[in-house]
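What follows is one structure encoded as structure tokens, with my remarks underneath.
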Amino acid sequence: MIELKTPAELERMHVTGRFVAEVLTEVGRIADVGVNLLDIEQHVRGMIARRGAESCYWDYAPSFGRGPFRNVICLSVDDAVLHGLPHDHTLRDGDVLSADLAVGIDGWVADSARTIIVGDPADEGDLRLVRATEEALEAAIDAARPGNRLGDVSAAIGVVAADHGYPVNTEFGGHDLGRTMHGDLHIPNTGRAGRGLRLQPGLTLALEPWFARTTDRIVVDPDGWTIRSADGSTAAHSEHTVAITEDGPWVLTRREPDGA
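Numbered by full-length UniProt numbering, the letters in the sequence shown go through residues 1 to 260 in order.
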């Protein structure tokens, strides 16, 4: 069931969103050459525990994964892009790290992701890829306005992907959320404008464009979770939780600019 939130409920989701933003900012700060993914996982666990928040990933067991997931953050490196299982990997110069986090505070959930290039980029193509997902996310947010349709949001992402020449996978995309991490809506990362559910104030969406450089096909690691590009090309992922309001889109997980 799709739930429209009251302004007071959106404020409560914003509390969660600010915390998610804080954690992902911290991940960006500590993700450096020589840091192990398992150390990042432990650091995030500590932040969640101190805040009294609840991980949406711990014990998560959807049909597409080999559950239960026993980590609090998804960490995906290079050709991995979604549901990356934190493991014994020491970050190297040029690694492309996607970090995805969803938590609940006092019954309200927020979900966000960012992609970080560790140290110096391996090549300019990785930078362009990350920026394209960020550009697509901003285009999707701009389309998330009352009276528009869900297809307008998907189409906005698809236009950016096409402009940059990136193929788009539609198996995994955005979703609605609120009291739980995943609602009933699937928001593909390309689509037809003017189609689908009409957006109304109080609707909250996790918008999450992700692209691989040269393929729209995916494979799953033996761990049953980590999703990679089928051809081994680098992938990137950006995500925000966005509320539809009378005044336009409200990004509940917006981070301060790096270095601010």
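For each residue, glycine too, the CB sits at the ideal point set by N, CA and C. It should be emphasised that the depicted structure is a prediction, and the values quoted were computed from it without experimental measurement.
Extent of the continuous alpha helix (DSSP H) run through residue i
i: Tyr-161; result: Here residue 161 turns out to be Ala, not Tyr, going by the sequence shown. Ala-161 -> alpha helix (DSSP H) spans 150-164.
i: Val-44; result: 37-51
i: Ala-143; result: 124-143
As assigned by DSSP and simplified to three states, the class of residue i
i: Asp-95; result: coil
i: Phe-211; result: strand
i: Gly-174; result: strand
i: Thr-234; result: coil
i: Cys-56; result: coil
i: Ser-229; result: strand
i: Thr-180; result: coil
i: Asp-88; result: coil
i: Ser-63; result: coil
i: Ile-2; result: coil
i: Leu-185; result: coil
i: Asp-100; result: strand
i: Thr-190; result: coil
i: residue 263; result: Nothing in the structure corresponds to residue 263, since the chain is present only between 1 and 260.
i: Glu-249; result: Reading off the sequence, residue 249 comes out as Pro, not Glu. Three-state DSSP puts Pro-249 in a strand.
Bounding residues of the beta strand (DSSP E) (the contiguous stretch that carries residue i)
i: Arg-254; result: Looking at the DSSP string, Arg-254 is not in any beta strand (DSSP E), and its letter there is neither H nor E.
i: Thr-115; result: 108-117
i: Val-23; result: It is not in any beta strand (DSSP E) - Val-23 instead sits in the alpha helix (DSSP H) that spans 7-30.
i: Thr-241; result: 240-245
i: Val-168; result: Careful: Val-168 lies outside any beta strand (DSSP E) and carries neither H nor E.
i: Val-77; result: 74-77
i: Leu-197; result: Looking at the DSSP string, Leu-197 is not in any beta strand (DSSP E), and its letter there is neither H nor E.
i: Val-81; result: 80-82
i: Val-33; result: Val-33 -> no beta strand (DSSP E), and no H or E assigned at all.
Environment of residue i [buried if 16+ CB atoms lie within 10 Å]
i: Met-1; result: exposed
i: Asp-93; result: exposed
i: Ala-8; result: exposed
i: Thr-115; result: buried
i: Glu-171; result: exposed
i: Arg-213; result: buried
i: Asp-106; result: exposed
i: Glu-208; result: buried
i: Ser-63; result: exposed
i: Ala-162; result: exposed
Cβ pair residue i, residue j closer than 8 Å
i: Leu-150; j: Leu-197; result: yes
i: Ile-141; j: Ala-99; result: no
i: Asp-216; j: Val-168; result: yes
i: Leu-137; j: Ser-238; result: yes
i: Glu-256; j: Thr-25; result: yes
i: Thr-204; j: Asp-176; result: yes
i: Trp-250; j: Arg-179; result: no
i: Ala-139; j: His-164; result: no
i: Arg-66; j: Asp-247; result: no
i: Val-103; j: Ile-48; result: yes
i: Leu-82; j: Ile-227; result: yes
i: Thr-190; j: Ile-157; result: yes
i: Asp-32; j: Leu-91; result: yes
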